[in-house]
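These notes are about the structure you will find just below.
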Amino acid sequence: MLLMWILRRRTVPVMMQTTWMMMTTTTKKSTMMGHLMKIVKACCHHICRDALYSLYGHLFFSTESETKILENLVLGAALRDNLADLQTEINIKERLIAELERSDRHLAEVRLSYERKLTELSARIKRMEAERDKVVMEAESKRTGKASEEQAKRIREEYERKLTEMRNEFRKLQMVEREHKRMQVDLMKKIKEEMKKAQQQHNSNAKRLAAMDKEARRRENIIRKLENKDRQREQFMKRTNEEINRLRSAQKDQFKLLFFPSYYNQVVAANLRITGAPSTAALLWISRLFIQSRRHAAPLKTSFHSTPSRLSRPSNNSRAQPPAEIVFSPRQAKMKWSFIERKINRLVTQKQTVLKMEEELGRLLEERIRLIDEITSLESRFMATSEVNEREVVAEQIDGCQQKLKYVQDQITETQTAIVDMDGPDKIFF
């Protein structure tokens, strides 16, 4: 029966009723009981949510606030993913530049080794030519016949063959050196291009990060404003309810004291048992106030016990009658004294709250001064620099500081308004 009553509730969706009808046609009891427990849980959750929404919907289930909070969460997750992607790209570029730098160093070492080999080979060629010339000259000086000429020719041919091999090797080394130089030039160009691209990527990433940071700060400011509005609304409703209850109880007590003397005697006797006796001057002053309140309430009391004919015809002896004698009542004075004590305690609590709000206001003022100084220094830096990328980064930082300053200024205005509201209308009146 409980389940059927839940299903007949308007808060349960039609899909649950359909599921229930399908479930009743199932032959397996275990499957049926599992579906039954799921539906009961869903229905109870739905009904509880509707009840909470009907009671506190304006505070806790605001559709606009939930939508904004969900949007902020989704955008925050997207920002974190973008930051992770940017960090991955930066790491890849850094590894590529490091690899290119290692290749450049390796080519430089190879080029130095080939230059050293070329220098050694050139020295060997010069020594070989000098040795050849020396041997040929000695052979010519000692030649005495045909055998000496053949020997000199053979020596010359041998040296010429060695020199030809060495010159060929020297040309090969020169070709390799030129190839290395060309490769080094290409590699340097590639390194410069990669560094330029990496710098541009870094600048664009810095801009994107600054924009994301700015957007995140803006959304944080929106969230703080929504939270402050909710908190202020709760505080306002709490103060309003307390004031309404206090006024209702005061009105009820005043009505009972004016029209039911027995209740008045009971209250005064209880106050005398709880608190000590006040001074005589205070009792006299409170008694006067109470007597004045009873005088003001006298016409209302007469209207309850008088007939229309008596009210319309004035009495002839009313002018001759003397006014009633004012009698001092310590009980009435004690009651007024307790009322004054309650008002004083409420005023002390209010002043303590105002002091805390003033401390918060001082902190916000210091934060505003700090932000103004930071904006001034950033503007000076913006005017001093001449690079476009750095100026854009500084401009983004200035925008972020200005957004923070605007939020702090809004907080200062709200705090000042709250202090004025608490100091202004809630003054104590006896």
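Here the UniProt record's numbering is used: the first residue of the sequence shown is 1, the next is one more, and so on.
Glycine is no exception: its CB is placed at the ideal position from the N, C-alpha and C atoms.
Being a predicted model, the structure only gives us computed values, none of them experimental.
Integer Cβ distance of residue i from residue j, believed to fall under 8 Å
i, j, result
"K207", "E392", "6 Å"
"L405", "L371", "4 Å"
"residue 456", "I412", "Past the boundaries of the shown model lies residue 456; the chain is included only from 1 to 430, so the question cannot be answered."
"Q87", "R217", "The pair is not a contact, with the Cβ atoms about 20 Å apart (cut-off 8 Å)."
"A210", "E396", "4 Å"
"E177", "E115", "7 Å"
"Q409", "L361", "In fact, because the Cβ distance is near 12 Å, the residues do not count as touching under 8 Å."
"E194", "L96", "6 Å"
Beta-carbon proximity check, residue i vs residue j, cutoff 8 Å
i, j, result
"I375", "N205", "no"
"residue 463", "V136", "The structure shown does not extend to residue 463, since the chain spans only 1 to 430, so no value can be given for it."
"K189", "L100", "no"
"M335", "I419", "no"
"K93", "Q201", "yes"
"K181", "R111", "yes"
"N241", "Y407", "no"
"N203", "N389", "yes"
Residue i versus the options, residue with shortest Cα-Cα distance
i, options, result
"T353", "I222, I398, D421 and D213", "D421"
"E179", "L107, S249, I223 and K196", "L107"
"M212", "R246, G400 and E358", "G400"
"K172", "K153, K214 and S122", "S122"
"E131", "E366, K252 and E160", "E160"
"S103", "M183, S329, A84 and K134", "M183"
"A198", "A98, R154, A152 and T164", "A98"
"E158", "Q174, M175, E169 and D133", "D133"
"K343", "P330, L247, N168 and M175", "L247"
"S113", "L355, Q174 and M166", "Q174"
"Q350", "V394, D373 and R239", "R239"
"R80", "K162, E215 and Q151", "E215"
"E414", "M383, K153, L365 and V394", "L365"
"D373", "K196, I398 and I244", "I398"
"A152", "E138, Q332 and N168", "E138"
"R346", "M383, E243, D85 and R167", "E243"
Below-8 Å beta-carbon distance, residue i vs any chain E residue
i, result
"E379", "Given the protein chain composition of this structure (a single chain), no chain E is represented."
Evaluate contact between the region 121-129 and the region 216-236, counting only Cβ atoms and requiring at least three cross-stretch pairs below 8 Å.
Note that the region 121-129 does not touch the region 216-236; fewer than 3 beta-carbon pairs, one per stretch, sit closer than 8 Å.
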